[in-house]
Structure formats: structure tokens, C-alpha cells
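Everything below concerns the one structure shown next.
Number of protein chains: 2
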Amino acid sequence: MSKGLPKRSDDYSAWYNELVKRADLAENSPVRGSMVIKPYGYSIWEKMQAGLDKMFKDTGHTNAYFPLFIPKSYLSREADHVEGFAKECAVVTHYRLKKSEDGGGVVVDPEARLEEELIVRPTSETVIWNTYKNWIQSYRDLPLLINQWANVVRWEMRTRLFLRTAEFLWQEGHTAHATKAEAEAETIQMLEIYAEFAEKHMALPVIKGVKTESERFAGAVDTYCIEALMQDGKALQAGTSHFLGQNFAKAFDVKFANQEGGLDYVWGTSWGVSTRLIGGLIMAHSDDNGLVLPPKLAPIQVVIVPIMKGKDQLVQLADQANKIASKLRDKGISVKFDDRDTHKPGWKFAEYELKGVPVRIAIGPRDLENGTVEIARRDTFEKQTVQVDEAPEVIFELMDEIQSNIYNKALNFRESHTTEVSTYDEFQDVLENKGGFVLAHWDGSSETEERIKEETKATIRSIPLNAEEEAGSCVYSGKPSKKKVLFARAY
Amino acid sequence: MSKGLPKRSDDYSAWYNELVKRADLAENSPVRGSMVIKPYGYSIWEKMQAGLDKMFKDTGHTNAYFPLFIPKSYLSREADHVEGFAKECAVVTHYRLKKSEDGGGVVVDPEARLEEELIVRPTSETVIWNTYKNWIQSYRDLPLLINQWANVVRWEMRTRLFLRTAEFLWQEGHTAHATKAEAEAETIQMLEIYAEFAEKHMALPVIKGVKTESERFAGAVDTYCIEALMQDGKALQAGTSHFLGQNFAKAFDVKFANQEGGLDYVWGTSWGVSTRLIGGLIMAHSDDNGLVLPPKLAPIQVVIVPIMKGKDQLVQLADQANKIASKLRDKGISVKFDDRDTHKPGWKFAEYELKGVPVRIAIGPRDLENGTVEIARRDTFEKQTVQVDEAPEVIFELMDEIQSNIYNKALNFRESHTTEVSTYDEFQDVLENKGGFVLAHWDGSSETEERIKEETKATIRSIPLNAEEEAGSCVYSGKPSKKKVLFARAY
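Chains as they are written, first to last, in the numbering used here: chain R, 106 to 596; chain G, 106 to 596.
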């Protein structure tokens with residue numbers, strides 16, 4: 106199956122595109138920039154949704170649903186927001202088709218033109234804050250902690266499966282608070298939740314930080330983010346959490362009666378992660394043989410492949426396989442027994458390697474005689490032969506071990522690809538020849554940031570939250586700087 | 106809280122609208138015909154999704170995601186389909202906005218006009234069958250059993266929260282099969298799943314049947330449906346399952362190599378239920394005090410209200426309440442302990458009645474002394490005082506009892522509002538004075554069906570699957586008929 110999968114070292118980009126297709130994760134649709142998420146890819150998204158949704162609910166959030174369409178005029182209400190989102194969006198102008206004159210198809214009915222055009226939501230701050238205006242009168246109505254799972258559309262020119270598509274799936278949290286401190290605490294709490302999800306579920310180490318002004322969400326006071334490193338040395342923004350201040354409350358006139366009897370504008374946050382996470386998951390862990398999935402997000406955690414000659418042997422093997430499967434399922438492990446006689450074991454081995462199934466069990470006639478099975482790990486390709494009775498416990502422990510190993514591998518990669526530099530020569534050299542994150546002093550000006558971007562294609566991914574205060578001088582301008590910031594070329 | 110909720114007997118329609126708003130289920134948005142599904146309403150939808158999704162997966166289906174936008178030309182590929190769906194749909198014509206000349210807002214950029222307009226999906230048969238063409242080559246690729254949870258848009262002129270909205274949430278299953286028999290069996294299987302979900306989860310008795318030609322899904326060979334009866338005597342179509350024959354396979358040229366080596370067109374089905382189910386749930390069970398929710402779909406199954414004077418008592422009451430809550434949660438029951446001191450117990454009682462919480466526990470100082478609690482049922486308003494130790498078991502059993510009682514009440518209502526008639530006078534009289542389902546002989550012609558609709562506003566809801574073969578004469582034309590069909594005025 107993996108025949109012809111390009112090698113990462115030869116062409117990382119082609120490797121990614123081919124892998125997404127061959128592993129049945131997604132494909133391009135005839136609608137430019139929109140993808141079809143195939144069942145195997147979607148089941149990874151379902152696991153992500155389940156993990157995140159639980160974390161959101163455990164911290165007091167509830168889900169709701171707001172309209173897909175936003176009246177055009179809403180976008181203009183918040184000045185920065187419209188700058189950021191009006192440019193590339195899908196616009197609904199009509200609400201009816203009619204038969205064409207020649208009878209061969211349908212055309213837009215010019216008489217069914219909308220008075221005000223509708224925008225397909227690129228994000229929902231405007232329509233949600235317009236609704237919150239009616240929901241919030243008093244401090245008793247706060248905080249409002251709401252999340253939405255939805256599709257959004259941004260008319261991107263260059264698209265790439267999962268990483269950048271015109272339509273994508275995501276969740277967007279939108280909260281309203283009585284005080285600045287509470288809203289800021291919420292912003293950080295959600296950043297922490299994203300980081301925990303990335304590290305514990307996706308086995309993806311991330312750096313928590315705050316964006317510079319030029320990389321901030323349109324309409325936010327502060328944008329916090331988690332940044333991860335891919336195997337080609339490029340960074341991927343994996344989630345953002347925005348402190349909105351009172352910007353949207355002012356734009357949509359959302360005030361509340363405070364406990365002292367006065368009227369205040371409400372404080373807001375918004376935060377989101379998307380199907381882009383699937384792209385990050387693939388690029389961080391997978392290898393030249395195919396996907397490597399952390400057990401917590403693998404749609405199938407264990408596959409059992411019988412090694413047999415002829416159908417007669419299948420009965421006995423199936424009996425053994427089903428017993429093991431049943432014991433694994435009792436431990437909450439998802440198992441597939443692939444007893445198809447249309448494909449040979451070797452083909453199946455390659456297929457499940459490609460699909461990133463964390464553990465493969467093989468059972469042949471000799472195993473039956475000896476009461477053993479062969480267990481193979483996808484992450485290290487290590488094999489071991491164990492007694493049937495021990496297999497469930499061994500595999501149960503392997504789940505944690507594989508999860509940790511994948512995380513540690515990604516962490517080691519990131520650590521060995523994070524370089525502190527003190528000169529611009531070094532800075533350029535690292536970006537050109539090594540890649541990865543570069544920690545360097547920066548003078549804090551947007552002008553310097555822009556110049557560096559133009560000259561090196563590297564952007565400031567964030568000012569890491571754990572950056573130490575230390576006097577230094579900007580790697581570009583030589584001006585004074587108080588801390589190092591995180592640079593990288595990025596997706 | 107329920108002050109001013111209109112009575113069903115006075116104005117059923119106003120009662121419904123007010124109830125949806127006051128119980129915090131949904132509200133109209135500024136985008137005509139689009140609703141905001143509020144957290145309490147959305148959590149009912151989440152329970153519906155979880156129940157249905159499990160049933161789909163247990164029968165071998167997987168989820169996937171297809172694009173929101175459909176190229177205009179796709180709609181015309183299936184002749185009946187375009188007739189049914191082209192008329193009222195949202196059309197995307199542009200992909201960019203720009204600042205208006207006067208600088209006061211944004212306008213559609215005339216230069217960003219799409220070459221081919223995109224339709225916001227009203228249903229996804231076309232874009233999915235266009236994709237299936239690439240996924241299906243051989244009988245080995247079949248059956249393909251895929252479902253999608255998504256939003257869809259149909260530009261309805263008269264909208265009503267949950268029952269008929271321009272944008273709504275739904276699931277749409279789309280399956281592909283090698284034989285006609287297999288596709289027909291799938292169509293019926295999904296109808297059975299919908300009926301089981303309605304009856305077991307929603308406590309809503311339904312009649313399974315097949316639609317007449319004029320009520321068929323645009324592009325289907327046969328449309329099966331489940332029909333439920335609301336308390337005002339009107340019917341509600343609660344779910345449909347379509348046998349598509351080879352219509353979409355032919356429209357999108359989807360062929361497969363069969364086992365004999367020949368090429369055949371693929372057989373298809375599609376099936377869906379939507380947020381409309383929430384409207385049906387409300388209208389079937391609720392009363393003049395508010396929602397009545399079956400325990401299986403209630404976001405909160407049990408609420409505990411402390412009856413106290415002053416904060417001192419709360420500590421002891423809270424201790425008792427938390428113990429009970431914990432035991433209930435161990436049994437898988439969702440519990441809310443409402444210890445707010447900003448509202449009085451009477452206010453809370455009315456609030457949770459309005460919200461349809463199936464069981465209310467009240468604990469006062471005397472209960473503490475006696476080691477008792479008061480348990481009240483939302484469906485019957487019955488109260489009983491039980492020993493604290495017995496409460497969890499009593500409530501656990503109540504969950505089933507309430508679920509059954511709500512179902513039986515709805516079933517009794519339907520049975521007493523299903524009338525067999527043999528003359529057109531009787532037919533009209535029942536519709537005018539009693540309402541409900543009317544079983545009557547019909548000659549099988551669309552003309553008769555249309556006349557009856559014009560004269561009485563009643564439509565043929567379905568030809569019930571369990572209708573007995575019996576010779577008779579059409580209630581309208583007197584022509585021969587082989588079985589009675591199900592008429593009603595409907596939502």
C-alpha cells in the first residue's frame with residue numbers, strides 16, 4: 106500500500122498530500138478549496154471533539170448554535186474585525202434559482218435579490234454579540250460561557266487539506282464576563298485547556314504564548330496561542346484564545362447593571378481550534394510508512410490479522426482472535442479483526458501501517474499450537490511474542506507507552522530544533538540550514554517584525570508565556586529588548 | 106415563571122411559540138428564518154444526536170463530512186431533484202467584500218464574482234454522489250454506509266422555530282449498494298431505527314408508512330416516513346428514509362464492476378431527521394405549565410431544591426442534597442442542585458416545571474429532622490415523601506415509569522384521535538371538529554389527493570406499512586381502493 110508514498114526527506118509537502126489521500130483522511134472536492142473529510146479522517150475529528158467537549162463542559166461551558174449567515178452590516182460594526190474578515194468571504198446575494206430560458210439548467214433569479222447581502226460566517230463574534238445584547242442585562246446573567254461546534258468559510262486563495270481550506274470545521278467559544286480580570290482568567294484557562302489537549306491527547310508538545318500586535322485576531326486586545334513544531338521544522342499555530350476586552354460589547358452595545366447599580370460594558374473572550382489540528386497531528390508524528398497515531402485519537406487502536414492458508418484454519422484463528430478482541434474491548438480498547446480472505450497478510454500489514462493503527466496482533470497456525478500471539482507496535486516497529494493470556498494486559502500497558510513515546514519523540518525533536526541565537530547571521534543561518542524554532546531578542550516594533558518576515562519568511566510565532574526577563578539587544582535592530590521571542594517559518 | 110404562558114386550548118400556536126422562548130430553547134435571529142438554538146435547547150439536540158449516532162454506528166454506518174457549497178450545475182443533474190430544491194435556496198455569487206466608496210461600511214466587490222454560482226446545500230445527494238463516483242469501482246467497495254451531521258439551508262417563506270427554519274441542523278445518511286434488494290432493506294432498516302428512536306427516546310408513538318407520489322422526496326423512487334400526532338390534532342412528519350433506486354447513480358454516472366464482471370449502476374438510499382424533532386417533542390408532550398420532557402432526552406433529569414430560611418440551614422441541607430446527588434449520579438442520572446439564594450423555592454419550582462425537569466426533590470428543615478425528602482413528578486405532578494435512603498432507588502425507577510407514562514399518554518391521545526371514516530362527510534366532519542389522523546379509502550390518483558387537499562387542507566401523510574388489504578371505495582371519488590391511507594392536516 107505504501108508503495109510510492111514519497112519520503113519526507115525528499116519532498117515533505119508531497120509526502121503530506123499523498124499520505125492524507127492514501128490513508129483515506131480527506132480529499133479535495135470539486136468546490137475550490139473545500140474538502141471532503143472521509144470516514145477515517147472524520148473519526149479522528151470525532152475523537153478530538155469528544156475530548157475537547159468534555160474539557161469544555163468540565164469547566165462550565167455549554168454548547169449552543171448560532172446562524173450560518175451574518176448580515177453584511179454586522180461585519181463593519183467592529184472596526185478591526187471588518188479589516189480582518191471582510192476581504193475573503195462567501196457572499197449570499199440571492200435566494201432563488203429558476204429554469205434557464207433554454208431549459209437546459211437553472212440560473213439565478215434576478216428578482217430574488219436580498220436587500221442586504223449575507224456573509225457565510227468566517228467566525229461568529231458579530232452575530233453572537235448581537236444576540237448577547239438581549240441575553241445580558243445584569244451581573245446575574247454573567248458569566249455567559251458558550252461554545253459552538255460549526256462550519257466556517259474563509260475564501261482562502263491557496264488551500265491545503267486540513268491545514269488551510271475555504272470551509273473548515275471548528276469550535277468557537279464565546280464568553281461574556283463582568284470584569285476584566287475574569288475575562289482574562291477565562292482566556293488563559295482556555296489556552297491551558299488547548300495545551301493540555303494537544304499534549305495529552307494529540308501527544309503534541311506546544312509552546313504557550315501571546316501574539317504580537319500584527320498577528321493578533323482582528324478585534325482582540327490580546328491573542329494567546331499554542332504553537333507546535335512539525336517534522337520539516339515549520340511551526341503550526343494549533344489553537345488561539347482571545348481576550349476581546351470590551352471591543353465587541355461596545356460595537357454591539359452590550360451593557361450590564363453591575364452590583365453597585367451602575368452600567369458597564371461586558372468583557373469578552375473567544376477561542377477556537379479547528380480541523381487544522383488533524384493536519385498538525387499528521388505532520389508531527391507520521392513517517393515514511395504512513396500515519397503514526399497516538400492511541401488516544403486512533404479510530405482503531407488494535408488490529409488483529411490472521412495468518413492462514415485456506416479457509417479451514419480461519420475458524421480456529423477467528424475463535425482465538427475474538428476472545429482477545431473481547432478482552433481488549435472490556436478494557437475500553439477499540440479492536441478490528443480483519444478476517445477478509447481477499448487480501449494477504451502482508452498487504453494488510455502495510456495497510457494498517459499506512460493507517461497508523463498503534464498495535465497490530467498477528468496470529469498464525471504456530472501461534473495456535475504454542476498459545477501465543479505476535480504483537481507489533483506502529484511507532485517503533487518493535488515486535489514481541491507473548492502468551493495469549495498475557496496479551497490483553499501487555500496491550501493495555503502499550504497504549505500508555507506508545508502515547509508517551511510519541512509525545513517524547515516529538516518533544517525531543519522540538520528541543521533539538523529550538524535554537525537560541527544572538528546575531529542576525531546566526532538567525533538566518535539556523536532558519537536556512539536547520540529550521541525549527543528560533544529564540545531571539547526583538548525590539549518590540551512592528552517595523553522590525555515586518556522586515557524580518559520579508560527577509561527570512563520567519564514570523565514571530567509568539568512571546569512565550571515562560572520567557573524569562575533578561576536584558577538583551579534586538580537581533581535585527583540592536584535596540585534594547587527585555588525578553589526573547591519565538592520565531593519560525595510557519596504554516 | 107409560567108405566568109402568562111398561553112393555554113393550549115386558547116391558542117395552541119401562541120402557547121408553542123411562547124414556550125420555546127420562555128423555556129430557553131431557541132429564539133429568532135436577525136437573519137430572517139434563521140434561529141439561535143440556546144444552550145438548553147441545544148442540549149436536547151445533543152442527547153438526540155448521541156442516541157441516533159449510536160444506533161447508526163451499531164448498524165455499520167460511519168460519519169463523514171461533505172462541502173457546504175454545491176456548484177449550481179450539480180442541482181440540474183437529476184431532473185426531479187432540481188424541481189424540488191432549486192426554487193428556494195441561498196446562492197453565493199461573490200467571494201469578497203471591499204470598503205464602500207463613502208468609507209462607511211463594506212460592499213460586495215463586483216470583481217470578485219464567481220464563475221459558477223454556489224448553492225448552500227439544501228440536502229447533499231448531488232455533491233455526495235459526485236464524490237461516490239470516485240469511491241466506487243467494484244462490488245468490493247459496496248455497500249458504502251455514510252452519515253453526515255450538518256447544517257442545511259432552504260429558503261422557507263413562512264418559518265417557525267424548530268418546525269420550519271431557513272437554516273436547520275440535521276443528519277443525512279447516504280448509502281450505496283450493489284443490489285436493489287439491499288438498498289430497499291437499508292431504507293426500511295433506517296425507517297425502523299427512526300421509529301425506535303422516536304418511541305424509545307422521544308416517547309413519541311409514530312406510524313410507519315410510505316409517501317404518495319406527490320409527497321415523495323425529489324429524486325426518490327420511494328419515500329418512507331414516520332408520522333406523529335401533536336396535541337392540536339395536526340400531524341408532524343418526524344423522519345424520512347428514501348429509496349433512490351439508481352436515479353442519482355445515473356445522474357452522476359456511478360457504476361461498479363459486479364461479481365460477474367459486468368458494469369451496473371449503483372443503488373442508493375438517503376435518510377434524515379432534523380432539529381424539527383425538538384418541535385415535535387415539545388408539541389407532543391408539554392402542557393400549560395411548560396415543557397414535559399421524557400427522562401431519556403432531559404438535559405437535567407433531577408433537580409434538588411432546598412427549602413430554607415436563611416443561609417445557616419443551607420449547610421446541612423446542602424450536605425444531604427449532595428449525598429443524594431452523588432448516589433443518583435452513580436446510577437447515571439443527571440442532577441442539578443439549585444442552591445441559589447437569589448430566588449425563592451416557589452420561583453424555582455415554577456422554573457423547573459417550565460423547563461420540564463422530570464423529577465424535583467425538595468428538602469426542608471423538617472425533612473432533615475425526619476430523614477425524608479419530597480419527590481415530585483413533572484408529568485403527573487404527583488408528590489411523595491420517602492426516606493432519604495430509599496430516594497435514589499425510587500427515582501431510578503421513576504425514570505422508566507415517567508418515560509413509559511409520557512409515551513402511553515401520547516399513544517392514548519393518538520388512538521383516541523385516529524378515526525376510520527367511510528364517507529366524505531364524515532371525513533370533513535372529523536377534520537373540522539375533532540382533528541387527528543383520519544383513515545380512509547383513496548383511489549390512488551394524485552388528482553383526488555390534490556382535490557381533497559384543496560378542499561380540506563388535509564394531505565395523505567402516508568400509506569401505512571401495516572394497512573390491511575381490504576376492498577373499499579374511495580372516500581372522495583367512490584372508485585375502488587385496496588387499503589385505507591392516513592390523512593391529516595399537518596405541520
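Each residue gets a CB set at the ideal place from its N, CA and C atoms; glycine is no exception. Since the model is a prediction, treat every value here as computed from it, not as a measurement.
> Using CA coordinates, which residue listed in 207(R), 220(R), 212(R) is at the minimum distance from residue 196(R)?
Replying inline: 220(R)
> Which residues does DSSP pair with residue 477(R) in a beta bridge?
Replying inline: 492(R)
> Leaving out the 5 sequence neighbours to the left and right, which residues in its chain are closer than 8 Å to residue 270(R) when beta-carbon positions are compared?
Replying inline: 138, 139, 140, 261, 264, 380
> Should residue 540(R) be labelled buried (16 or more other beta-carbon atoms within 10 Å of its own) or exposed?
Replying inline: buried
> Helix, strand or coil for residue 274(R) per DSSP?
Replying inline: strand
> So what does residue 132(G) bridge to, in DSSP terms?
Replying inline: 141(G)
> Going by the CB atoms, is the gap between residue 331(R) and residue 299(R) shorter than 9 Å?
Replying inline: yes
> Any idea if residue 291(G) is buried or exposed, counting beta-carbon neighbours within 10 angstroms, 16 or more meaning buried?
Replying inline: buried
> Does the separation of the CB atoms of residue 434(R) and residue 464(R) fall below 9 Å?
Replying inline: no
>> Please list, in chain order, the chain R residues whose beta carbon lies closer than 8 Å to that of residue 260(G).
In response: 200, 201
> Is the CB of residue 462(R) under 9 Å away from at least one CB in chain G?
Replying inline: no
> Is the stretch 174 to 189 of chain R in contact with the stretch 242 to 249 of chain G, if contact means three or more CB pairs nearer than 8 Å?
Replying inline: no
> Does DSSP put residue 107(R) in a helix, a strand or coil?
Replying inline: Confidence at residue 107(R) is low in this model, with a pLDDT of 44, below 50, so the placement of that residue is unreliable and no value is reported for it.
> Is the Cβ-Cβ distance between residue 543(G) and residue 560(G) less than 9 Å?
Replying inline: no
>> Need the endpoints of the beta strand (DSSP E) that residue 524(G) sits in, please.
In response: 523 to 525
>> Helix, strand or coil, according to DSSP, for residue 471(G) in the structure here?
In response: helix
>> With a threshold of 8 Å, are at least 3 pairs of Cβ atoms found where one atom belongs to the stretch 332 to 345 of chain R and the other to the stretch 111 to 123 of chain R?
In response: yes
> Is the beta carbon of residue 124(R) sitting closer than 9 Å to the one on residue 383(R)?
Replying inline: no
> Taking buried to mean at least 16 other C-beta atoms within 10 Å of its own C-beta, is residue 106(G) buried or exposed?
Replying inline: Note on residue 106(G): pLDDT 43, under 50, position unreliable in the model; the coordinate value appears next. Looking at its Cβ environment, which holds 16 or more other Cβ atoms inside 10 Å, residue 106(G) is buried.
>> On a Cα-Cα basis, can you pick out the residue from 163(G), 183(G), 533(G), 223(G) that is closest to residue 174(G)?
In response: 223(G)
>> Among the candidates 135(G), 365(G), 288(G), 171(G), whose CA atom is the shortest distance from the CA of residue 142(R)?
In response: 171(G)
>> Does any residue of chain R have a CB that is nearer than 9 Å to the CB of residue 298(G)?
In response: no
> By Cβ distance below 8 Å, which residues in the same chain neighbour residue 177(G) in space, the five residues on each side in sequence not counted?
Replying inline: 196, 221, 222, 223, 224
>> Let's see if you can read the secondary structure: which residues bound the beta strand (DSSP E) around residue 225(R)?
In response: 218 to 225
> Starting from residue 176(R) and walking both ways along the beta strand (DSSP E), at which residues does that stretch end?
Replying inline: 174 to 176
> Can you tell me where the alpha helix (DSSP H) with residue 554(G) in it begins and where it stops?
Replying inline: 551 to 561
> How is the beta strand (DSSP E) around residue 340(R) delimited, first residue to last?
Replying inline: 340 to 350
> Which value, in whole angstroms, describes the spacing of the CA atoms of residue 510(G) and residue 278(G)?
Replying inline: 32 Å
> In its own chain, which residues sit with a C-beta less than 6 Å from the C-beta of residue 453(G), not counting the 5 before and 5 after it?
Replying inline: 410, 443
> Roughly how many angstroms separate the alpha carbons of residue 406(G) and residue 134(G), rounded to a whole number?
Replying inline: 29 Å
> Whose CA, out of 514(G), 253(G), 198(G), lies closest to the CA of residue 307(G)?
Replying inline: 514(G)
> Would the C-beta of residue 400(R) count as close to the ligand ATP, meaning under 8 Å from any of its heavy atoms?
Replying inline: Looking for the ligand ATP in the displayed structure turns up nothing, as the structure carries no ligands at all.
> Can you tell me the Cα-Cα spacing of residue 363(R) and residue 179(R), whole angstroms?
Replying inline: 27 Å
> Which value, in whole angstroms, describes the spacing of the CA atoms of residue 287(R) and residue 227(G)?
Replying inline: 41 Å
> Do the stretch 209 to 218 of chain R and the stretch 148 to 166 of chain R make contact, defined as three or more Cβ pairs closer than 8 Å?
Replying inline: no
> Which whole runs of the beta strand (DSSP E) in the stretch 260 to 339 of chain R are 3 residues long or more, in chain order?
Replying inline: 272 to 282, 312 to 315, 327 to 334
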